[in-house]
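Visitor: In this note's numbering, the protein residues as written are 50 to 318.
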Amino acid sequence: MTFGTVMVTVDPSEAARTRIRLAGHLADAFGASLLGVSAQVPIHLPPAGGPPVDAYVTPRLREACLDGLARAHAVFEEAAAGRSRNAWVSDVDFPLSFIVRQAARAGLVVTGRPGADEPPCLVADTGDLVMNLGRPLLVVPRGVDHLDGRRVALGWRNTREARRAVTDALPFLRRASKVVVVAIDEGGGTCSGEPVIRYLSGFGIQATAVRASAEGAGTAEALVDLACEHAADLLVTDAYGHSRLREWAFGGVTRDLLRGCPICCLLSH
């Protein structure tokens, strides 16, 4: 079980270089191809879902966008140099809708955590991506350029989203030398990691369960603390949210992890 294609989102920023290198290392580890994707539109365009992009983009604005995409392509070529199974696709389009369409080609999507000053016409919102991709999304903190993935923390609650996250993460979990199933007690006292441990054992994956209380800290903070305590460099968990007026209202855990998880986080919805 592996990922046939690892897709990485690319922009002309320095943060994209480290993300591409990490995605390239993962592609090598899984025997996968590496696909770089990038899209942007002029800043003043209306939001996605309206008239076609071409109805607004003048030749001058299109040229500016193409220049930005060319710089993103150069970043990808430099950071992914030396790999024979690389591909690139880009377009003048809204980043979110373009990346979601291209996700049909990928088994894993790698992205970063955009800064607060980066507009959605240049960089896709990470929360929107995880809710729309239908693929596992690996969110890479800034400055991290390698993911060994030999020690994995699995945030667990027995929900549809969490069960999907476990299945999506199997390629990572089967390579790991240590898997810790973290069940956080949020006051109900009923969550147990034993069902998923039995599930993983069917794939030859040996996992151990730990429980922690979120009392005095948020659930996301408790998850991260347990992951770091066990020296994990990858946290696997579910993403929960619902649409409302084209925006995503997240559960607090998902929101907090997207904002500040210091290690790589694999999210599924």
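A virtual CB, placed ideally from N, CA and C, is assigned to each residue, including glycine.
Rounded to the nearest angstrom, how far is the Cβ of M56 from that of V149, given a contact under 8 Å?
Guide: In fact, because the Cβ distance is near 11 Å, the residues do not count as touching under 8 Å.
Visitor: Pull up the distance between the alpha-carbon of I254 and that of T107, whole angstroms please.
Guide: Near 55 Å, if we compare the C-alpha coordinates of T107 and I254.
Visitor: Give the single residue among G73, F79, A78, R209 whose Cα lies nearest to the Cα of G85.
Guide: Cα-wise, what sits closest to G85 is G73.
Visitor: Which residue or residues does DSSP assign as beta-bridge partners of N135?
Guide: Answer is L83, bridged to N135.
Visitor: For R304, collect the residues of the same chain with a Cβ closer than 6 Å to its Cβ; drop the 5 residues on either side in sequence, then sort them by chain order.
Guide: For R304, where only same-chain residues beyond five positions count, there are no Cβ hits under 6 Å.
Visitor: With DSSP as the reference, identify every bridge partner of G161, one or two as the case may be.
Guide: G161 pairs with V189.
Visitor: Would you call the CB atoms of L315 and A214 closer than 9 Å?
Guide: In this structure, A214 lies closer than 9 Å to L315 by Cβ.
Visitor: If I measure Cβ to Cβ from R120 and keep anything under 7 Å in the same chain, skipping five residues before and after, which residues do I get?
Guide: P61.
Visitor: Take the Cβ of P371 as the centre, count every other Cβ of all protein chains shown within 10 Å, and call the residue buried at 16 or more, exposed below.
Guide: Outside the shown range of the chain, which is 50 to 318, sits residue 371, and nothing can be said about it.
Visitor: Three Cβ pairs or more, each shorter than 8 Å: is that satisfied between the segment 272-279 and the segment 184-197?
Guide: No: fewer than three Cβ pairs fall under 8 Å.
Visitor: With three or more C-beta pairs closer than 8 Å as the rule, is the segment 66-82 touching the segment 126-139?
Guide: These segments touch.
Visitor: Pull up the distance between the alpha-carbon of V141 and that of C240, whole angstroms please.
Guide: Rounded to the nearest angstrom, the two C-alpha atoms are 46 Å apart.
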